[in-house]
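*Asks:* Structure in structure tokens, see below.
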Amino acid sequence: MDRLRLGINIDHVATLRNARGGASPDPVRAAIAAQSAGADGITAHLREDRRHIRDADMAAIKDAIEIPLNFEMAATEEMSRIARATRPHAVCLVPEKREERTTEGGLEVAGDANRLTAYIAPLVDMGARVSLFVAADPRQIEASARVGAQVVEIHTGSYCDAVDEGRTDAAAAELERIIAAAAQAADLGLEVHAGHGISYDSVTPLAAIPQVVELNIGHFLIGEAVFRGLPAAMAEMRRLMDLARRVA
Ligand code: PXP
Numbered sequence: 057m058d059r060l061r062l063g064i065n066i067d068h069v070a071t072l073r074n075a076r077g078g079a080s081p082d083p084v085r086a087a088i089a090a091q092s093a094g095a096d097g098i099t100a101h102l103r104e105d106r107r108h109i110r111d112a113d114m115a116a117i118k119d120a121i122e123i124p125l126n127f128e129m130a131a132t133e134e135m136s137r138i139a140r141a142t143r144p145h146a147v148c149l150v151p152e153k154r155e156e157r158t159t160e161g162g163l164e165v166a167g168d169a170n171r172l173t174a175y176i177a178p179l180v181d182m183g184a185r186v187s188l189f190v191a192a193d194p195r196q197i198e199a200s201a202r203v204g205a206q207v208v209e210i211h212t213g214s215y216c217d218a219v220d221e222g223r224t225d226a227a228a229a230e231l232e233r234i235i236a237a238a239a240q241a242a243d244l245g246l247e248v249h250a251g252h253g254i255s256y257d258s259v260t261p262l263a264a265i266p267q268v269v270e271l272n273i274g275h276f277l278i279g280e281a282v283f284r285g286l287p288a289a290m291a292e293m294r295r296l297m298d299l300a301r302r303v304a
């Protein structure tokens, strides 16, 4: 199996910075550090409420790194304009609610297919890889191929929560859904990524799914970096991913 790509989401470095309103810790420095430590890409989410990453961060990260930037955003006109000015390698469309603590569910693609088809086309035309963050739901996967996305990122949050809470039957059921969704997406010609809530405890079965080519991981690794530093935190994740791939 091919080596799995590890994308690092640096949003929560900005969360920490914003807690004090100053300039540190700097998410641009975090992106450079992740790149130096072997990240295959950097993900940053410019939310409508700018609660962590801000407009200037996104532009500065794009300028500072050589690895691909994955610009995560809601499918709004404002974000389309900013993405087209930023020209990232990839755009990942996610659902967004002001009151949520994090991206809670997948994008409603099937019920919004016409609008998304028109929304995605200019992003693809400018050369971005367009990814849709979707639940492991056959309807949403099928619709993702229909609206012109090249990539789906499967939401792993329910599976990871079940692992973290010791609900083994629920974790197994969620994992089965993710495995089926990954196979369906690949059959439809979509590139398959996965992300949300991944930790050392939950990564192995996800990394073993043959169709998955990229994992995007943020909150857990930024937290772990407090204790062992970002390179060591990432190295342990890399080790677990590579081992899972070899065994599979
Ligand atoms: N992928 C997507 C599309 C996300 O929305 C997020 C969270 O912003 C992540 C990956 C990373 O999730 P976490 O921070 O829980 O690792």
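Sequential numbering from 57 applies to the sequence shown in the working numbering. Beta carbons are placed, not taken as given, at the ideal position from N, Cα and C, and that holds for glycine.
(1) Below 9 Å between beta carbons: does that hold for A131 and R103?
(2) According to DSSP, is R171 helix, strand or coil?
(3) Looking only at C-alpha atoms, which of M57, H108, L60 and H252 sits nearest to D82?
(4) CA-CA distance, I98 and A116?
(5) Unbroken alpha helix (DSSP H) runs of length 4 or more, entirely within the region 174 to 246: which are they?
(6) What residue does the alpha helix (DSSP H) around R143 start on, and which one ends it?
(7) Using 9 Å as the threshold, is the C-beta distance between M182 and R140 below it?
(8) Check whether the region 246 to 265 touches the region 275 to 293, taking contact to mean three or more Cβ pairs, one atom from each stretch, closer than 8 Å.
(9) With a Cβ-Cβ cutoff of 9 Å, do E209 and A250 count as a contact?
(10) Starting from the C-beta of V190, find all residues in its chain whose C-beta is less than 7 Å away, skip the five residues before and the five after it, and write them out in chain order.
(11) Considering just the uninterrupted stretch of the alpha helix (DSSP H) at M114, what are its terminal residues?
(12) Can you tell me which of R106, D105 and P144 puts its alpha carbon nearest to the alpha carbon of I123?
(13) With 16 as the cutoff for other CB atoms within 10 Å, does K153 come out buried or exposed?
(14) Apart from the five residues on each side of it in sequence, which residues of its chain come closer than 6 Å, Cβ to Cβ, to A86?
(15) Given the structure, does D193 come close to ligand 1, in the sense that its CB is under 8 Å from one of the ligand's heavy atoms?
(16) Span of the alpha helix (DSSP H) holding R103?
(17) Is it the case that the CB of G94 approaches a heavy atom of ligand 1 more closely than 8 Å?
(18) CB V150 to CB T159, shorter than 9 Å?
(19) Which ranges does the beta strand (DSSP E) cover as unbroken runs of at least 3 residues, wholly within the region 244 to 268, from first to last along the chain?
(20) For A300, I'd like the list of residues in its chain whose CB is within less than 6 Å of its CB, leaving aside the five on either flank, ordered along the chain.
(21) In chain order, what residues of the same chain lie with their CB nearer than 8 Å to the CB of R294, ignoring the 5 residues before and after it?
(22) Between H252 and ligand 1, is there a pair consisting of the residue's CB and a ligand heavy atom that are separated by less than 8 Å?
(23) Is D111 buried or exposed, if buried means 16 or more other CB atoms sit within 10 Å of its CB?
(24) Expressed to the nearest angstrom, what Euclidean distance is found between the alpha-carbon atoms of A228 and Y215?
(25) Given that a residue counts as buried once 16 or more other Cβ atoms are within 10 Å of its Cβ, and exposed if not, what is L244?
(26) According to DSSP, is L60 helix, strand or coil?
*Replies:* On the basis of the coordinates in this document:
(1) No, the pair does not count as a contact, with Cβ atoms beyond the cut-off.
(2) Reduced to three states, the DSSP call for R171 is helix.
(3) If you compare the alpha carbons of M57, H108, L60 and H252 with that of D82, the shortest gap goes to H108.
(4) Rounded to the nearest angstrom, the two C-alpha atoms are 12 Å apart.
(5) Under the rule that a run must span 4 or more residues, the alpha helix (DSSP H) segments found entirely inside the region 174 to 246 read 194 to 202, 213 to 220 and 224 to 243.
(6) Where R143 is concerned, there is no enclosing alpha helix (DSSP H), given that its DSSP letter is neither H nor E.
(7) Result yes, Cβ atoms of M182 and R140 sit closer than 9 Å.
(8) Contact between the region 246 to 265 and the region 275 to 293 is present, because at least three Cβ pairs lie under 8 Å.
(9) The answer is yes: Cβ separation under 9 Å.
(10) Shown here for V190: same chain residues with a beta carbon closer than 7 Å to its own, the five before and five after excluded, namely G162, L163, V165, Q196, I197, S200, V208, I210 and H211 in chain order.
(11) Note, M114: alpha helix (DSSP H), D111 to A120.
(12) With distances taken between CA atoms, I123 lies nearest to P144 out of R106, D105 and P144.
(13) Under this definition K153 is an exposed residue.
(14) Apart from the 5 residues on each side of it in sequence, A86 sits with its Cβ closer than 6 Å to the Cβ of I66 and V69 in its chain, given in chain order.
(15) Answer for D193: no, Cβ out of range of ligand 1.
(16) For R103, no alpha helix (DSSP H) encloses it, and the DSSP letter there is neither H nor E.
(17) Flag unset: Cβ of G94 not near ligand 1.
(18) Note that the C-beta distance between V150 and T159 is below 9 Å.
(19) Restricting attention to beta strand (DSSP E) runs no shorter than 3 residues, the region 244 to 268 encloses them at 247 to 251, ordered along the chain.
(20) Excluding sequence neighbours, A300 sits near T260, A263 and A264.
(21) Within the same chain, R294 has close Cβ partners L62 and G94.
(22) At least one heavy atom of ligand 1 is nearer than 8 Å to the Cβ of H252, so yes.
(23) Around the CB of D111, fewer than 16 other CB atoms lie within 10 Å, so the residue is classed as exposed.
(24) Approximately 8 Å between the Cα atoms of the pair.
(25) Burial call: exposed.
(26) In the structure shown, L60 falls within a coil segment according to DSSP collapsed to helix, strand and coil.
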